[in-house]
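Asker: Shown below is the structure under consideration.
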Amino acid sequence: PKQRRKQMGRPLNKSRFSDLTTPEGTAGKIEVIAYYPTGGSLQQNDNSFIISQRSSRRFKIHQQNDSSDAVLNLRAVAPASLAEGQFCVRVILDDSTVAYVEKFYNNTVHYRVNSTNGFTDGTSGWVKYSLGSEAAGADSTPVSGQGVIDVI
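And the structure:
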């Protein structure tokens, strides 16, 4: 029997991404918390952001540390657990739990919660999300039943 080719599905709304050439600028776009470029070292909290989607878990990101772009794989792990060619996006759940996005959908994300040692503790789920008004750190106030994703 002929196997069906695996396809990405519906891409995310482009308004959630930013290109440096757009008049809207980068404010309010999904922030990359940490990334590990191929041939480089772990970079964290430098206001890097997603530019475009390549597949369900591959995204083109703008790396602020050297103002370059790269296509990296989304991983639901804490920054210290990233390997070369990977990046992570944080989501704050409504009970203030920090989780990492495993897969984006237009209105929801699939997430995994990491334990203190950086590895997933097995807790995962789906949650509707909104984009925060600033980096969704401790001052973020998630809406009940929703997660908040960090923005730049």
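Read in order, the letters of the sequence shown correspond to residues -2 to 149 in the working numbering.
For each residue, glycine too, the CB sits at the ideal point set by N, CA and C.
Shortest alpha-carbon distance to T94 belongs to which of T120, L79 and Q61?
Answerer: For the purposes of this step, residue 94 is taken as residue 97 along the sequence shown, with counting starting at 1. Ranking the options by Cα distance to T94, first place goes to T120.
Asker: Where does the unbroken beta strand (DSSP E) through T105 begin, and where does it stop?
Answerer: Taking the first residue of the sequence shown as 1, we reach residue 105 at position 108. Segment T105 to N111, the beta strand (DSSP E) holding T105.
Asker: Could you check the C-alpha separation between D63 and W123 for me, to the nearest Å?
Answerer: Within the sequence shown, the letter at position 66 stands for residue 63. Within the sequence shown, the letter at position 126 stands for residue 123. Cα to Cα, the separation comes out at about 34 Å.
Asker: Check the DSSP bridge columns for R87 and list the partner residues they point to.
Answerer: What you label residue 87 is simply residue 90 of the sequence shown in a count that begins at 1. Partner(s): Y97.
Asker: Could you give the distance in angstroms between the alpha-carbon of Q41 and the alpha-carbon of C85?
Answerer: Here residue 41 refers to the residue found at position 44 when the sequence shown is read from its first residue. Here residue 85 refers to the residue found at position 88 when the sequence shown is read from its first residue. The alpha-carbon atoms of Q41 and C85 are separated by roughly 10 Å.
Asker: How close, in whole Å, do the beta carbons of V74 and Y97 come, if the pair is a contact with beta carbons under 8 Å?
Answerer: By 1-based counting over the sequence shown, the position of residue 74 is 77. By 1-based counting over the sequence shown, the position of residue 97 is 100. Confirmed, Cβ separation roughly 6 Å.
Asker: By how many angstroms is the C-alpha of T35 removed from the C-alpha of R55?
Answerer: Taking the first residue of the sequence shown as position 1, residue 55 is located at position 58. Taking the first residue of the sequence shown as position 1, residue 35 is located at position 38. The alpha-carbon atoms of R55 and T35 are separated by roughly 14 Å.
Asker: Using only CA atoms, which one of A31, K(-1) and L9 lies nearest to D147?
Answerer: One-based indexing of the sequence shown puts residue 147 at position 150. Checking every option, the nearest Cα to that of D147 belongs to A31.
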